[in-house]
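Each protein sequence line maps, in turn, to chains Z and C. Heads up, the first sequence is in my numbering, so the first residue is 1 and it goes up one at a time. Heads up, the second sequence is in my numbering, so the first residue is 1001 and it goes up one at a time. Think of the CB as a built atom: it goes at the ideal place given N, C-alpha and C, for glycine as much as any other residue. Take a look at the structure set out below.
Protein chains: 2
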Amino acid sequence: MPVNLAPPKPEDLLPVRGIALGVAEAGVRKAERKDLLVMRLAEGASVAGVFTQNRFCAAPVLICKENLALGRPVRALLVNTGNANAGTGEDGLARARRTCTELAQLLACDGSQILPFSTGVIMEPLPADRIVAALPRALADCREDNWIGAATAIMTTDTVPKACSRRLSLGGKSVTVTGIAKGAGMIHPDMATMLGFVATDAAVSPAVLQHMLVGAAARSFNRITVDGDTSTNDSFMLIATGAAGTPTISGEHHPDYAVLAGAVADVAVWLAQAIIRDGEGATKFITVQVEGGKSEEECARVAYAIAHSPLVKTAFFASDPNLGRLLCAIGYAGIPDLDVGRVQLHLGDVLVARDGGRNPAYREEDGQRVMQQSDITVRVELGRGKAETTVWTCDLSHDYVSINADYRS
Amino acid sequence: MPVNLAPPKPEDLLPVRGIALGVAEAGVRKAERKDLLVMRLAEGASVAGVFTQNRFCAAPVLICKENLALGRPVRALLVNTGNANAGTGEDGLARARRTCTELAQLLACDGSQILPFSTGVIMEPLPADRIVAALPRALADCREDNWIGAATAIMTTDTVPKACSRRLSLGGKSVTVTGIAKGAGMIHPDMATMLGFVATDAAVSPAVLQHMLVGAAARSFNRITVDGDTSTNDSFMLIATGAAGTPTISGEHHPDYAVLAGAVADVAVWLAQAIIRDGEGATKFITVQVEGGKSEEECARVAYAIAHSPLVKTAFFASDPNLGRLLCAIGYAGIPDLDVGRVQLHLGDVLVARDGGRNPAYREEDGQRVMQQSDITVRVELGRGKAETTVWTCDLSHDYVSINADYRS
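In structure tokens:
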């Protein structure tokens, strides 16, 4: 059960002119499951991407980077679940390339104009034959109002599809931003086992689109963690079709840039939070705000020390205000000159610790009241500077262990 | 149930001349539980210590460091469970000092000659009154053949006492090394919620004893992890009473240094491994060997990436050879120029991956066979150099979540 996250209503997902989405059952890992997605792009679309930093990155990630570097117009994105095609060496690259080439033939373009994405089990051979066989059915299914189908097809251990839309006005013209994402475990900064696709029908030049994407990722997908594992396959893509007919945003100082970038970041943050709300076994959604640091980087270190601590996460699961575990995590976050006497710790609206220890006015029943909520904010004031950052995570429950102990069975 | 670890037989624990151990029920947290330990040292004993790097380190850790820095002869160590006296600010320091002063009065020495240690719940006031009231009973219980009582008294979530002895000969005289340790969660390098006390009746000068201790810690307590949380209270102490009448080891090149240091490290490694074998919820004992690195530090980064990964640890719990998770952890360990094509991954005697992916000869049934064992070795060859290191960890089970969700109840 995701934490305060309802499945999207199909009617709330706005089509993006210039993008058609089709899904099919390829039987990659399990039968009778829509596990293949094709996103066809209209001519003239710009595509930007950021990818996992994992050295064992998957074959499709390598090919995406290669193809984007070639700079040829991207005609389609091809996504499969059930198999990550990671840790598969040269053979994995060949299989991924073959799926691209076959789709390119059906679309009368070159294989380098296809971007492949995979998610699922690592180190098993991709069943390229079954994917290729399903491509015609996915193409036949392509339509602009199929974002809900796309969001559903990319799910793995997700329990609800994740998708949202924003409408905005650029120069008097209506523009849409719609995004989908998947990923519920192996979620960590520098991306996650996470695929995110956000699209707009505004027109943005490729370099500016990349800048907009990096900014959105820093505030969203790079600020979440379920279990600290940075996956082999994380990819976050931003597509601008230009089909809305608005003027091309060709620089960061273009008057429309901030408006569109804000909407894109808004969608990305919503999707990133949805991934955490649907984190494997999650029963609590935890916002960790760290303020008063000397740099955003040291704030992030403290936030992640809290967000990664299994002891903190099991305490949240138990609704147990065992808040010393939070102080402990702050203490080992790796700020060697931290003056613990200046640290303040808030749980929701309750001041838990100050002056190097427990706030004398803190009462366990106040902590207990906050711990029982399903959305909880931890706020740490470091008392060293003006930098701040926010990270989102979830608790660690029995179901996390069950899901990950049974994932392949 | 600890993994392949039987409780020590009392008769296997050799007394160390010059150290008497007494325990008592102080009711720190729970009634009818031996939760207080006093270790009395004969005059002339040397004491060395290493402590947690956590900035929110506990009051007793601060006082231990202060008292050791004063350099006066240590007359006793005082240990309580049930309360960590951490995150307790000035009040916590005052309470810890009071227990030292009261014990010092009973021993006719100064409070600075007592070293205090606490383990248990963080951020709750230490019940100093109850500890002080129990001191006479602990002193009355003091005797040299009470290591098993001491090992039992310092347990928290441990399921078995951890203690072992070695006998060796220095210059024809028999010398004993006996150690005890506790700690089953919040276990991480740079120490753990872990208390370790190792003692010998050999004679070692203080500076040399500290050197010996640091060397032993680097190979033992600083190479284990249960959950990646570095606690506020970790302390590892080495005591040399000199009561065996052997010549004082006054330099690292003294002929007896290597012999004694080897036995001390042997005891420390045994205790550190015992902590992991009794790790919270552990069902598997995992040895992670990383070889072929450019430095020991980068080998440790890879080893800890594996040992900390909840996905890897749940796979071990499930005996599921989902070994892509191991490659994934190697990939995100933070070696930016790692050539994955040179990495080899062994699970036990099975070569799982090479050339950037799955070993073509690898069969899932071989991986399965190793995964079903309770003692498993993961060996990673990085193919970059000659450095190596070994880390020990355990799996992540349902019981880990249960223990830590219920710990305070």
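query: Kindly indicate which three-state DSSP category residue 402 of chain Z falls into: helix, strand or coil?; result: helix
query: Please compile the residues from chain C whose C-beta is within a distance smaller than 9 angstroms of the C-beta of residue 64 of chain Z.; result: What residue 64 of chain Z touches in chain C: nothing, since even the nearest Cβ is about 17 angstroms away.
query: Could you pull the start and end residues of the alpha helix (DSSP H) that residue 89 of chain Z belongs to?; result: 89 to 107
query: With a threshold of 8 angstroms, are at least 3 pairs of Cβ atoms found where one atom belongs to the stretch 1131 to 1151 of chain C and the other to the stretch 1003 to 1018 of chain C?; result: yes
query: Please check if any C-beta of chain Z sits within less than 8 angstroms of the C-beta of residue 1286 of chain C.; result: no
query: Which residue marks the beginning of the alpha helix (DSSP H) containing residue 1394 of chain C, and which one marks its end?; result: No alpha helix (DSSP H) holds residue 1394 of chain C; the beta strand (DSSP E) holding it covers 1387 to 1394.
query: Using 8 angstroms as the threshold, is the stretch 200 to 218 of chain Z in touch with the stretch 248 to 260 of chain Z, meaning 3 or more CB pairs across them?; result: yes
query: How many whole angstroms separate the CB atoms of residue 1166 of chain C and residue 1278 of chain C, which I take to be in contact at a CB cut-off of 8 angstroms?; result: Not quite, the Cβ-Cβ distance comes to about 20 angstroms (not below 8 angstroms), so this is no contact.
query: Could you give the first and the last residue of the continuous alpha helix (DSSP H) run that contains residue 1071 of chain C?; result: First-last for residue 1071 of chain C: undefined, no H or E at that position.
query: Whose C-beta lies closer than 8 angstroms to the C-beta of residue 1405 of chain C among residues of the same chain, with five residues either side of it excluded?; result: none
query: Where does the unbroken alpha helix (DSSP H) through residue 1143 of chain C begin, and where does it stop?; result: Premise fails: residue 1143 of chain C is in no alpha helix (DSSP H) and is neither H nor E.
query: Name the residues in the stretch 1104 to 1128 of chain C whose C-beta lies less than 7 angstroms from a C-beta of chain Z; which are they?; result: 1121, 1122 and 1123
query: Starting from the C-beta of residue 1441 of chain C, find all residues in its chain whose C-beta is less than 8 angstroms away, skip the five residues before and the five after it, and write them out in chain order.; result: Nothing about residue 1441 of chain C can be reported from this structure: the residues present for chain C run from 1001 to 1409 only.
query: Given this structure, state the Cα-to-Cα distance separating residue 47 of chain Z from residue 76 of chain Z, to the nearest angstrom.; result: 10 angstroms
query: Are the beta-carbon atoms of residue 49 of chain Z and residue 236 of chain Z separated by less than 8 angstroms?; result: yes
query: Only counting runs of 3 or more residues, tell me where the beta strand (DSSP E) segments fall wholly within the stretch 1272 to 1323 of chain C, in order along the chain.; result: 1285 to 1293
query: In whole angstroms, give me the CA-to-CA distance for residue 300 of chain Z and residue 332 of chain Z.; result: 13 angstroms
query: Alpha carbon to alpha carbon, how far is residue 1313 of chain C from residue 305 of chain Z?; result: 19 angstroms
query: Answer with yes or no whether the minimum CB distance from residue 189 of chain Z to chain C is below 8 angstroms.; result: Bear in mind that a pLDDT of 36 at residue 189 of chain Z, under 50, signals an unreliable position, so the number given afterwards is only what the model happens to contain. Chain C, which has no Cβ nearer than 8 angstroms to the Cβ of residue 189 of chain Z, makes this no.
query: Could you pull out every residue in the same chain whose Cβ sits closer than 8 angstroms to the Cβ of residue 401 of chain Z, ignoring the five residues on either side in sequence?; result: 281
query: List, in order along the chain, the chain Z residues whose C-beta lies closer than 7 angstroms to that of residue 1056 of chain C?; result: 327, 328, 330, 331 and 340
query: For residue 1341 of chain C, which option in Z:176, Z:1 and Z:55 has the closest C-alpha, if you only look at C-alpha atoms?; result: Z:55
query: Taking Cβ positions only, does residue 1192 of chain C come closer than 8 angstroms to chain Z?; result: Confidence at residue 1192 of chain C is low in this model, with a pLDDT of 39, below 50, so its placement is unreliable and no value can be given for it.
query: Show which residues of chain Z have a CB atom less than 9 angstroms away from the CB atom of residue 1232 of chain C.; result: 324, 327, 328, 331 and 332
query: Figure out for me which residue from Z:161, Z:141 and Z:201 has the closest Cα to the Cα of residue 168 of chain Z.; result: Z:201
query: Taking the beta carbon of residue 1141 of chain C as the centre, do at least 16 other beta carbons fall within 10 Å, making it buried, or is it exposed?; result: buried
query: Please list, in chain order, all residues of the same chain as residue 85 of chain Z whose beta carbon is under 7 angstroms from its beta carbon, the five residues on each side excluded.; result: 58, 59, 60, 92, 95, 96, 118 and 126
query: Closer than 9 angstroms, Cβ to any Cβ of chain Z: which residues of the stretch 1085 to 1099 of chain C, in chain order?; result: 1086, 1087, 1088, 1089, 1090, 1091 and 1092
query: Using the C-alpha atoms, what's the distance from residue 1357 of chain C back to residue 276 of chain Z?; result: 30 angstroms
query: At a Cβ threshold of 8 angstroms, is residue 1346 of chain C touching chain Z?; result: no
query: Count the other C-beta atoms from every protein chain shown that fall within 10 angstroms of the C-beta of residue 1102 of chain C, then say buried if there are 16 or more, exposed otherwise.; result: buried
query: With a threshold of 7 angstroms on Cβ separation, who are the neighbours of residue 1024 of chain C within its own chain once the five nearest residues in sequence on each side are excluded?; result: 1034, 1036, 1134, 1137, 1138 and 1141
query: Express the C-alpha separation of residue 1347 of chain C and residue 1370 of chain C in angstroms, rounding to a whole number.; result: 7 angstroms
query: Could you name the residues of chain C that residue 401 of chain Z contacts, counting a contact when the two beta carbons are closer than 8 angstroms?; result: 1314, 1317, 1396, 1397, 1398, 1400 and 1401
query: Grab me the residues of residue 1240 of chain C's own chain with a C-beta within less than 7 angstroms of its C-beta, minus the 5 sequence neighbours each way, in chain order.; result: 1045, 1046, 1200, 1202, 1203, 1204 and 1209
query: Residue 116 of chain Z and residue 180 of chain Z: beta carbons closer than 8 angstroms?; result: no
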